[in-house]
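Asker: Going by full-length UniProt numbering, 47 is the number at position 47 of the sequence shown; the sequence numbering is gapless.
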Amino acid sequence: MSRSGASAQPRKYDILVWGATSFTGSRLVEYLALNAPAGTKIAIGGRNQAKIEEVRAELAAKHPDAPVGIRAMDILVGDSMDGARMREIAAEARVVASTVGPYAVYGEQLVRACVAEGAHYCDITAEMPWVRGLHRELNDAAVRNNVHIAPMCGFDCIPADLGCFMLAKYARSEFHEPLLHVKGSIVGIRGGVSGGTLATLANQLGIEARRFWTRLFSARRAAAATTTTATATATATATATATGAATEDREGPPTNGRETGRWPIHYDRTLKRWQTFWIMSIVNVMTANWAGRVLNYGPAFSYAETMTVRSLAQAVVYGLGWVYGAALMLFAPTRSLLYALRIIPRPGEGPSEAFMRRGYFSLHLEALSETETFYGKVSASSDPGYQETVKYLAESALCLALDRSSSSSSFRPGIYPPSVIMGDALLARLRARGCQFDVGRAPIPARLVAADKKTA
Ligand SMILES: NC(=O)c1ccc[n+]([C@@H]2O[C@H](COP(=O)([O-])OP(=O)(O)OC[C@H]3O[C@@H](n4cnc5c(N)ncnc54)[C@H](OP(=O)(O)O)[C@@H]3O)[C@@H](O)[C@H]2O)c1
1 MSRSGASAQP RKYDILVWGA TSFTGSRLVE YLALNAPAGT KIAIGGRNQA KIEEVRAELA
61 AKHPDAPVGI RAMDILVGDS MDGARMREIA AEARVVASTV GPYAVYGEQL VRACVAEGAH
121 YCDITAEMPW VRGLHRELND AAVRNNVHIA PMCGFDCIPA DLGCFMLAKY ARSEFHEPLL
181 HVKGSIVGIR GGVSGGTLAT LANQLGIEAR RFWTRLFSAR RAAAATTTTA TATATATATA
241 TATGAATEDR EGPPTNGRET GRWPIHYDRT LKRWQTFWIM SIVNVMTANW AGRVLNYGPA
301 FSYAETMTVR SLAQAVVYGL GWVYGAALML FAPTRSLLYA LRIIPRPGEG PSEAFMRRGY
361 FSLHLEALSE TETFYGKVSA SSDPGYQETV KYLAESALCL ALDRSSSSSS FRPGIYPPSV
421 IMGDALLARL RARGCQFDVG RAPIPARLVA ADKKTA
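1. Compare the C-alpha of Leu368 against each of His176, Pro102 and Asn256 and name the closest.
2. For the segment 54 to 108, list the alpha helix (DSSP H) runs that are entirely contained and at least 4 residues long, ordered along the chain.
3. Decide yes or no for the touch test of the segment 127 to 143 against the segment 102 to 110: beta carbon pairs closer than 8 Å, at least 3 of them.
4. So, are the CB atoms of residue 463 and Ala394 less than 7 Å apart?
5. Taking only the alpha-carbon atoms, compute the straight-line gap between Asp123 and Ala150 and give it to the nearest angstrom.
6. Pairing CB atoms from the segment 166 to 182 with CB atoms from the segment 292 to 301, are three or more of them under 8 Å?
7. With burial defined as no fewer than 16 other Cβ atoms inside 10 Å of the residue's Cβ, what is the status of Lys62: buried or exposed?
8. Leaving out five residues on either side along the sequence, give the residues of the same chain with a beta carbon under 7 Å from the beta carbon of Val68.
9. Label Phe217 either buried or exposed according to how many other C-beta atoms from any shown protein chain fall within 10 Å of its C-beta, with 16 as the threshold for buried.
10. Can you name, in chain order, every residue of its own chain whose Cβ lies under 6 Å from the Cβ of Tyr170, other than the five neighbours on each side?
11. If you reduce the DSSP assignment to three classes, tell me which class Leu320 lands in.
12. To which residues of the same chain is Gln109 closer than 8 Å at the C-beta, ignoring the five residues directly before and after it?
13. For a test of the three-state rule: what should DSSP assign to Phe361, helix, strand or coil?
14. Can you determine whether any heavy atom of ligand 2 sits closer than 6 Å to the C-beta of Tyr360, and answer yes or no?
15. Please classify Asp14 as buried or exposed, where buried requires at least 16 neighbouring CB atoms within 10 angstroms.
16. For the beta strand (DSSP E) holding residue 457, just list the boundary residues, first then last.
17. Please state if the CB of Gly414 and the CB of Val143 are separated by a distance shorter than 7 Å.
18. Let's see if you can read the secondary structure: which residues bound the alpha helix (DSSP H) around Lys391?
19. Output the boundary residues of the beta strand (DSSP E) element that contains Ser379.
20. Taking only the alpha-carbon atoms, compute the straight-line gap between Tyr121 and Cys114 and give it to the nearest angstrom.
21. If I measure Cβ to Cβ from Ala401 and keep anything under 7 Å in the same chain, skipping five residues before and after, which residues do I get?
22. Tell me whether Tyr31, by its Cβ, gets closer than 6 Å to a heavy atom of ligand 1.
23. I'd like to confirm something about Arg47: is its beta-carbon nearer than 6 Å to some heavy atom of ligand 1, or not?
24. Which stretch, first to last residue, makes up the beta strand (DSSP E) that contains Trp290?
25. With DSSP as the reference, label Thr214 as helix, strand or coil.
26. Going along the chain, which residues of its own chain have a beta-carbon closer than 7 Å to the beta-carbon of Ala116, five neighbours each way excluded?
27. Assign Val420 to one of two classes, buried (16 or more other C-beta atoms within 10 Å of its C-beta) or exposed (fewer than that).
28. Which same chain residues, not among the five before or five after Tyr339, have their C-beta less than 7 Å away from its C-beta?
29. Please determine, among Ile52, Cys153 and Ser98, the residue with the shortest C-alpha to C-alpha distance to Leu430.
30. Would you check whether ligand 1 has a heavy atom nearer than 6 Å to the C-beta of Phe355?
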């Protein structure tokens, strides 16, 4: 059988939720049961049959009349590290939505299985080095097999990614111009964090720290190796290889998520507010720039992202806070202390329902085309990291499962950001679910920015 037709073959399940016992995964099952069209075939999976049964029983008791019956959902059991089992599981589903992280630890076999078995895939990773490796190794096979692999369908990076996508379309349709630059600022946010997210952050920080030392030592070794003109060439090559720049391919993710030429702490004249470093900007910037390059928003399109604060002092405190927080999570002894003192949640734990209901976020976007400045806003009035993330991931899975044949918009095969894979179809779905993606010529006035804190 030609693999290109594999995903079009009848499958037992439309969507498999992989990681149904996770903090995010159980909420994903609940969202799909309540919001997927009746008749959608959903299975739930993970490594522990008893625990999955417990989640299913709890959700079924809570929602006995859900449009997609929860009690009847089949359970698929397997270990994410078992490649052969992942292939059996992937072969049963049209789309796999995974919440098993850290993805750099547990994610690879499942993506390989989906590519091989012709199952589409989406997740909520924010681990760009992992995605870069997947793209390098598996993108050609995914394109050949006509499979859509969409990582980063959570709060990282849907608002930035689809926000820039929306602005690029607006620049083309309204001004007939390419999009050159977008400056994003988180102008209001309240949200919780789960143990799984913190475990993923710790793992990611460890990888980055190792990369940093490798880069430093390989550049030093190269510098010491030669003395003349060859020195410059060797140093440049070693540094470029270590940073990934030498192998950066136009279709793959960029290697740098920092805005060059601007200090993250600065005063924004449009918002009339101080800006500071925002930790998720690193992955959001790389994702939006990656999509901009693949979809050709404009020559050398770039995205930058910061966070709005009240004063310069707060900007400095927040900026340093991220650095101290990351350092505490990086080292095992301080991390253990944070767990022991219950300052941070363990894997499987997360914010309470009441806390999440009070969540919100608002992302202000200022865009430049060749001759125009215009504005966008992406916002929501529930917890960004969990309630909005679950909505984004569920709608991505539904989009891949149900919209490819009915939608007039094109779906690109391969391993790419959500905007590149699903673009208009996903944007339409999210808008229909109440997610605000607004664009217009007028700036968002400061008082509206403040009011956004709950009314977004
Ligand atoms: N992008 C975003 O905005 C965003 C938002 C939220 C979360 N996330 C990411 O989503 C991921 C999940 O977070 P979470 O807090 O929901 O995680 P969590 O509650 O800690 O759950 C982790 C899940 O992984 C499963 N698992 C672990 N090892 C496994 C294995 N070998 N085989 C199969 N399953 C295995 C666990 O199963 P058991 O229950 O059996 O232990 C559990 O279901 C994290 O990587 C986090 O960073 C991203």
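Cβ coordinates follow ideal geometry from the N, Cα and C atoms, glycine included.
Answerer: The relevant details are as follows:
1. For the residues His176, Pro102 and Asn256, the minimum Cα distance to Leu368 belongs to His176.
2. Assignment of alpha helix (DSSP H) within the segment 54 to 108, counting only whole runs of 4 or more residues, yields 83 to 90 and 103 to 106 in chain order.
3. For the pair of segments examined, the segment 127 to 143 was found to touch the segment 102 to 110: the number of CB pairs separated by less than 8 Å reaches three.
4. Examination of residue 463 is not possible in this model, given that the chain is present from 1 through 456 alone.
5. So the two alpha carbons sit approximately 7 Å from each other.
6. The segment 166 to 182 is in contact with the segment 292 to 301.
7. Under this definition Lys62 is an exposed residue.
8. If we look at Val68 and ignore the five residues flanking it on each side, its Cβ neighbours are Leu32, Ala33, Ala36, Ala38, Thr40 and Ile42.
9. Exposed.
10. Closer than 6 Å at the Cβ level, and outside the excluded window around Tyr170, lie Val439.
11. Secondary structure at Leu320: helix, using DSSP grouped into helix, strand and coil.
12. Listed in chain order, the non-local C-beta contacts of Gln109 below 8 Å within the same chain comprise Ser80, Met81, Asp82, Gly83 and Met86, local neighbours out to five positions each way being set aside.
13. In the structure shown, Phe361 falls within a strand segment according to DSSP collapsed to helix, strand and coil.
14. This structure lacks ligand 2; its bound ligands are ligand 1.
15. Around the beta carbon of Asp14, a 10 Å sphere encloses 16 or more other beta carbons of the protein chains shown; the residue is thus reported as buried.
16. Only positions 1 to 456 of the chain appear in this structure, which leaves residue 457 out of reach.
17. With a cutoff of 7 Å on beta-carbon distance, Val143 and Gly414 are scored as near each other.
18. For Lys391, the enclosing alpha helix (DSSP H) has its first and last residue at Thr389 to Leu398.
19. Ser379 -> beta strand (DSSP E) spans Thr373 to Ala380.
20. Taking the straight line joining both Cα atoms gives about 7 Å.
21. The residues are Asp14, Ile15, Arg94 and Val95.
22. False, no ligand heavy atom lies under 6 Å from that Cβ.
23. True, at least one ligand heavy atom lies under 6 Å from that Cβ.
24. First-last for Trp290: Ser281 to Val294, but that is the alpha helix (DSSP H), not the beta strand (DSSP E).
25. In the structure shown, Thr214 sits in a helix (DSSP, three-state: H, G or I).
26. Once the five neighbours on either side are set aside, the close Cβ partners of Ala116 are Arg87.
27. By the 10 Å Cβ count, Val420 comes out buried.
28. Excluding sequence neighbours, Tyr339 sits near Arg346.
29. Comparing Cα-Cα distances from Leu430 to each of Ile52, Cys153 and Ser98, the minimum goes to Cys153.
30. Phe355 Cβ: outside cutoff for every heavy atom of ligand 1.
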